[in-house]
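Novice: Numbering of the sequence shown is given in my numbering, commencing with residue 2 and proceeding in unit increments.
Once you've had a glance at the structure underneath, I'll fire off some questions.
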Amino acid sequence: MTSSFWSPVVGTLKPYVPGEQPRVANLVKLNTNENPYPPSPWVLKTLEAALRTGLERYPDPESTELRRTIAAHHGLQLGEVFVGNGSDEVLAHAFQAFFQQGLPLLMPDITYSFYAVYCGLYGIPAKTVPLREGLRLQVADLQEPSAEAVAGVVVANPNAPTGIGLPLSDIEQLLRQHPNRVVLVDEAYVDFGGQSAVPLIEHYPNLLVVHTLSKSRSLAGLRVGVAMGQRHLVEALERIKNSFNSYPLDKLAQVGAQAAYEDQAYFDRCRQAVIHSREGLSLQLEDLGFEVLPSQTNFIFARHPQRDAAALAAGLRERAVLVRHFRLPRIEQFLRISVGTPDQCQALVDAVRELLALPV
Ligand code: PMP
Numbered sequence: 002m003t004s005s006f007w008s009p010v011v012g013t014l015k016p017y018v019p020g021e022q023p024r025v026a027n028l029v030k031l032n033t034n035e036n037p038y039p040p041s042p043w044v045l046k047t048l049e050a051a052l053r054t055g056l057e058r059y060p061d062p063e064s065t066e067l068r069r070t071i072a073a074h075h076g077l078q079l080g081e082v083f084v085g086n087g088s089d090e091v092l093a094h095a096f097q098a099f100f101q102q103g104l105p106l107l108m109p110d111i112t113y114s115f116y117a118v119y120c121g122l123y124g125i126p127a128k129t130v131p132l133r134e135g136l137r138l139q140v141a142d143l144q145e146p147s148a149e150a151v152a153g154v155v156v157a158n159p160n161a162p163t164g165i166g167l168p169l170s171d172i173e174q175l176l177r178q179h180p181n182r183v184v185l186v187d188e189a190y191v192d193f194g195g196q197s198a199v200p201l202i203e204h205y206p207n208l209l210v211v212h213t214l215s216k217s218r219s220l221a222g223l224r225v226g227v228a229m230g231q232r233h234l235v236e237a238l239e240r241i242k243n244s245f246n247s248y249p250l251d252k253l254a255q256v257g258a259q260a261a262y263e264d265q266a267y268f269d270r271c272r273q274a275v276i277h278s279r280e281g282l283s284l285q286l287e288d289l290g291f292e293v294l295p296s297q298t299n300f301i302f303a304r305h306p307q308r309d310a311a312a313l314a315a316g317l318r319e320r321a322v323l324v325r326h327f328r329l330p331r332i333e334q335f336l337r338i339s340v341g342t343p344d345q346c347q348a349l350v351d352a353v354r355e356l357l358a359l360p361v
């Protein structure tokens, strides 16, 4: 559909297509990289208490206590931490604050598909660099003859949907290649085995690291994302947020997120459980003939050389197992499978076995 009332940009937008959030129960939901485990009991207790106190008042617009907790957790100052409603919102602010410069933004092809969506929305040309053999990024490919010719760089580390991480030495190389531009490192999945660039913040004024509580901290439903960088970067994000009248985090999100950082033991148990299941599931899929990329995330990216990925995804859906299939060049034969509980992983393996036994 189009309409003569639309501004020219609306017609050009290719909005993000979110993963399915099914309305029926009893599906094994391995399609949107959520945590299969519920939030920590301490988070639930804190939320219940918050429900009984002060919801008639506005929340703290600065999310001060939450930011203080996050800063302490990472050894940063309060002014080096920004929070938003999910990391997608934090990314939106960052794209506006740093990348709207009339120059192309460098990013790998393939990566998190929202980056291209924000480029479309904010009129930022994207300059993509193809992944190499094995869907790996070679950071030297992001080197430009003139570092001033681009608006900045965005990478997901580990990358999505490949699951492959870069070593910190690669991130440092990017930061040095682009000293006058922001290098945004989206660490949505870092807690499942990646190397975080947060310790580099004090050395690099051009580094912005983005985290989410949707994955390793089991709070996708609460919508909390974080950006960390030197004060001048955080100040830019605050200016965008406050000019936009974008909402601060609501009270429940602020206290729930803070409680999630307070229960470090639960966080560690959950992520270890996910990592353990991921390793087991990768081996089982390999035994079933899949090529599995080495994952440092809470999902697996895999393809079966003899089976069509779209047909496999559809067959799994018929068997009540949801996985993600992207109809994109180079990765159209891959499935992205979020790591579930041991029971959910078993249900997936059983369904795959059944499908593979069928004639092609
Ligand atoms: N970055 C990456 C790489 C992701 O995969 C996701 C989740 N789809 C996000 C950011 C956004 O997560 P959220 O908005 O839930 O914080």
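Each residue gets a CB set at the ideal place from its N, CA and C atoms; glycine is no exception.
1) Please list the terminal residues of the continuous alpha helix (DSSP H) segment that includes V155.
2) Would you be able to state if there are at least three C-beta pairs under 8 angstroms between the region 81–101 and the region 223–236?
3) I believe A161 touches T213 by the beta-carbon criterion, under 8 angstroms. Please report the beta-carbon distance rounded to the nearest angstrom.
4) Taking A150 as the reference, give the member of P306, V322, Q178 with the closest Cα.
5) Unbroken alpha helix (DSSP H) runs of length 4 or more, entirely within the region 113–175: which are they?
6) Considering only C-alpha positions, which residue in the set C346, Y262, Q307 is nearest to A72?
7) Would DSSP call E333 helix, strand or coil?
8) Kindly indicate the opening and closing residues of the alpha helix (DSSP H) around F245.
9) May I ask you to report which of helix, strand or coil DSSP gives R325?
10) Which value, in whole angstroms, describes the spacing of the CA atoms of L220 and S244?
11) If distances are taken between C-alpha atoms only, which option among V183, A254, V293, D89 comes closest to L56?
12) In whole angstroms, give me the CA-to-CA distance for A314 and E280.
13) According to DSSP, is G20 part of a helix, a strand, or is it coil?
14) How big is the Cα-Cα spacing for I344 and G87?
15) Considering only C-alpha positions, which residue in the set L349, R272, H277 is nearest to L289?
Specialist: Reading it off the structure:
1) Taken as a continuous stretch (DSSP letters only), V155 belongs to no alpha helix (DSSP H), being part of the beta strand (DSSP E) at 153–157.
2) yes
3) No, A161 and T213 are not in contact; Cβ-Cβ is about 11 angstroms, not under 8 angstroms.
4) Q178
5) 115–123
6) Y262
7) coil
8) 232–245
9) strand
10) 27 angstroms
11) A254
12) 21 angstroms
13) coil
14) Contrary to the premise, residue 344 reads as Asp rather than Ile in this sequence. When rounded, the distance between both Cα atoms is 29 angstroms.
15) L349
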